[in-house]
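Report on the structure given below.
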Amino acid sequence: MTLPPVQQDAPAHIPAPHAPAPNTAESGLRESATFDRATIADIQRAAATGVYDIRGWGAKRKVPHFDDLLFLGASMSRYPLEGYREKCDTDVVLGDRHASRPLHLQTPVTIAGMSFGALSANAKEALGRGASEVGTSTTTGDGGMTPEERGQSRHLVYQYLPSRYGMNPDDLRKADAIEIVLGQGAKPGGGGMLLGQKITERVAGMRTLPVGIDQRSASRHPDWTGPDDLEIKIGELREITDWRTPVYVKIGASRPYYDTALAVKSGADVVVVDGMQGGTAATQQVFIENVGIPTLAAIPQAVQALQELGVHRKVQLIVSGGIRTGADVAKALALGADAVAIGTAALIALGDNDPRYAADYSALGSAAGFYDDFQDGRDPAGITTQDPDLALRLDPVAGGRRLANYLRVLTMEAQTIARACGKSHLHNLEPEDLVALTIEASAMARVPLAGTSWIPGAG
Amino acid sequence: MVTLTLPDAAAPTEGAGAEAAGTSTIDLGTAPVRELNQALHDAVDGQSWTVTSPGGRHSLAVGITADIDVAIEGHAGYYAAGMHQKGSVTITGNAGVGLAENIMSGTVHVTGDASQSAAATGHGGLVVIDGNAGARCGISMKGVDIVVGGSIGHMSAFMAQAGRLVVCGDAGDALGDSIYEARIYVRGSVASLGADCIEKPMTPEHLDELAGLLAAAGRTDSPADFKRYGSARKLYHFNVHNSTSY
């Protein structure tokens, strides 16, 4: 069967998102649900290149998500708070289990770990500016802490990763919290990746690597294996920081019930659970789309582990992976999270996938709204790049302001919902405030299907 | 409280400004590790410390930032002298997993054996192990120099980025797997080389470098007896045709 001409002209690996759909009603063309056009393009690309597709972003497949949950606003049986008048607090304390200097954030929306290297120095600075403006934290990534980032971040979480690129005890002591990274939602079980086009002299210098190589980081920590070792490792980090600094443990969601319990056992102050929709700067597409579980399924498992150990709200839970709106924030908190982290959404707030760069996206064979080649270093928005000219496109002050705006909106939206549910603090939201729209979401989130008292798998 | 035995002078007071004054002793038979590390973090350049009854405790003398000398009289557990930045730590005994992990500079010396991941990810400084080291010695090393008097275990210098690893005995399987720019010198046998690690010629430059490292470690081995190993640099860029190399 002849393909529409636009399909033939499109680059082999791009499913021509801006192409008009073939008129199936008139021509009798029928697209296969199994071999849809994107799948066909993937096979063609694999056959042409002999190598798997590497890209950024997170899982693009549709999975049960916060969209499948609804809040039960107050009416007769519950009493709402005045939407614009009565107080609904949003602050959160993170890391007060063992650390003498826990973080006290003004909003429970934090910025997830993204490296200098994956992102430009301007982008990192913009994240720090935006987060600091609203009193929340930002997080380093693989490759160490930059002065720009530390300087502009009031609360900076220092990631401690398997590669230990740029790992420096002076920076460790400068950090407001330490996040031991075991994995991320986009690729639980996988290590970091930064391709040669982004390994500039500065990035290479910070990571002690030759300029321009394809960096593939380790997926296991070099000096500990398993929860018994991790407990000792956390002890070492506490000793080095004189027990001041909170220690987070971040896991990619796959077995969050066991992993959360083991993180608590190992002495974590905070557990970070990243669902499969969580973003990445560079990962094999097959990994992104097929490994890990949805954020919605991960939260109740993690909360159950915390509750069974008697540490829910004492060991805080930060959830990430697909947070976009204040409703998502409120739903995550209602399911038992203490805070959330955003990565992809924060980049969009900075200017990622902005239609103003439509021509540039098109030149790369992509389109605004579809661009995910963060590994490639040619980001038209100047965010996921080390190209100095492209990086100039992002003004860190303006970007920081946009991010602060967005963070305020997320917080106000969550407050709006919480007040409607009668809650004077976002943390007072509870699973009882939620129902599910689908049987799948009901089973995963462990809240009843709307209009019923039925939770599949419960009891 | 720290039990201080002061053979020479008054106890160093906490905080900066205290004068170096002889050798202070901390007995871990009575004092917790926390007090040892806090005392070392509060120490000032020039001080000497002796740690008795370490009993294999973990995280001993970690995160030192002052130019001090610490002598641990006995065995240490995990992460002894972890993230070491200045001065020297000497362990008269054996050390557990992650000895001197992420060392930045200064010297760490173990008179006995060291367990797995010795000097892992170290950025600088010198780690001397008179005995043997376990698996993953020098894993992800980023500039540290390591001299092992005995033999080392498997997967040593895995993904080693920079620095020098000297082994006066034998090396286990998969030495230098996925190595970057670090240099490895082995006097004895190598059970097997890891992916992208090859034997390289010893030039006068390498013999000089090795002689300096052996001298720094207080060893008398002849550099001429060693072979050198390093990266073939064939896996620096991802290529599908290399997929069977791993």
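Top line first, the protein sequences correspond to chains A and B. Our numbering puts the first sequence at residues 1310 to 1768. Our numbering puts the second sequence at residues 4 to 249. Think of the CB as a built atom: it goes at the ideal place given N, C-alpha and C, for glycine as much as any other residue. No experiment lies behind these values; they were computed from the predicted model shown.
Asked	Found
Look up Pro15/B in the DSSP assignment and say whether it is helix, strand or coil.	For Pro15/B, the predicted model reports a pLDDT of 45, less than 50, meaning its position is unreliable and no value from the coordinates is stated.
Have a look at Arg231/B and Gly1500/A and give me their C-alpha separation to the nearest angstrom.	29 Å
What does DSSP give as the partner residue(s) for Thr1447/A in the beta ladder?	Leu1465/A
Taking C-beta pairs closer than 9 Å, name the residues in chain B that Ser1472/A reaches, listed in chain order.	Thr124, Ser143, Met162
With DSSP as the reference, label Arg1702/A as helix, strand or coil.	coil
May I have the straight-line CA-CA distance separating Thr1569/A from Leu1615/A, to the nearest angstrom?	7 Å
Keeping to the same chain, check which residues put their C-beta closer than 8 Å to that of Ala1641/A; ignore five residues upstream and five downstream.	Phe1375, Thr1604, Ile1608, Val1628, Ile1632, Val1649
Any Cβ of chain A within less than 8 Å of the Cβ of Ala165/B?	yes
For the beta strand (DSSP E) holding Arg1437/A, just list the boundary residues, first then last.	It should be noted that the sequence gives Gly, not Arg, for residue 1437/A. Counting along the chain, Gly1437/A falls outside any beta strand (DSSP E), though it belongs to the alpha helix (DSSP H) covering 1430 to 1442.
Can you tell me whether DSSP reads Ala165/B as helix, strand or coil?	strand
Name the chain A residues that come within less than 9 Å of Asn40/B, Cβ to Cβ?	Glu1548, Ile1549, Asp1551
Based on the DSSP secondary-structure assignment, which residues constitute the bridge partners of His1734/A?	Asp1398/A
Going by the beta-carbon positions, is the gap between Leu1738/A and Ala1639/A smaller than 8 Å?	yes
So Gln1616/A is in the alpha helix (DSSP H); what residue range does that whole segment cover?	1604 to 1617
Report the partner residues of Thr93/B according to the DSSP bridge assignment.	Ala74/B, His112/B
Which word fits Lys145/B, buried or exposed, when buried means at least 16 other C-beta atoms lie within 10 angstroms of its C-beta?	buried
According to DSSP, is Arg1564/A part of a helix, a strand, or is it coil?	coil
Rounded to the nearest angstrom, what separates His1413/A and Val1401/A at their Cα positions?	6 Å
Taking just the CA atoms, how far does Lys1371/A sit from Tyr188/B?	53 Å
Kindly indicate if chain B contains any beta-carbon less than 8 Å away from that of Ala1527/A.	yes
Buried or exposed: which applies to Pro35/B, given that a residue is buried once 16 or more other Cβ atoms fall within 10 Å of its Cβ?	exposed
At 8 Å on the CB atoms, spell out the chain A contacts of Phe241/B, in chain order.	Val1360, Leu1504, Asp1523, Arg1525
Can you tell me where the beta strand (DSSP E) with Phe1380/A in it begins and where it stops?	1378 to 1380
Are Gly58/B and Gly99/B close, meaning C-beta to C-beta below 8 Å?	no
Terminal residues of the continuous beta strand (DSSP E) containing Gln1625/A?	1625 to 1629
Within the same chain, show all residues whose beta-carbon is closer than 7 Å to that of Gly1760/A, passing over the 5 residues directly before and after it, in chain order.	none
Which residues does DSSP list as the beta-bridge partners of Leu1504/A?	None; Leu1504/A has no bridge partner.
So, helix, strand or coil for Leu31/B, using DSSP?	coil
Output yes if chain B places a C-beta closer than 8 Å to the C-beta of Ala1408/A; else output no.	no
Taking only beta-carbon positions, decide if Pro1531/A is within less than 8 Å of chain B.	yes
Buried or exposed for Asp1537/A, going by 16 or more other Cβ atoms inside 10 Å?	exposed
Using three-state DSSP, classify Gln1524/A as helix, strand or coil.	strand
Identify each residue in the segment 1504 to 1520 of chain A for which the Cβ-Cβ distance to at least one residue of chain B is less than 9 Å, and report them in chain order.	Leu1504, Gly1505, Arg1516, Thr1517, Leu1518, Pro1519
For Gly1450/A, decide whether its Cβ has a neighbour in chain B, counting only Cβ atoms nearer than 8 Å.	no
What do you get for Met1515/A, buried or exposed, if any count of 16 or more other CB atoms within 10 angstroms of its CB means buried?	buried
Determine the closest residue to Tyr239/B out of Cys200/B, Ala42/B, Arg37/B, with distance taken between C-alpha atoms.	Cys200/B
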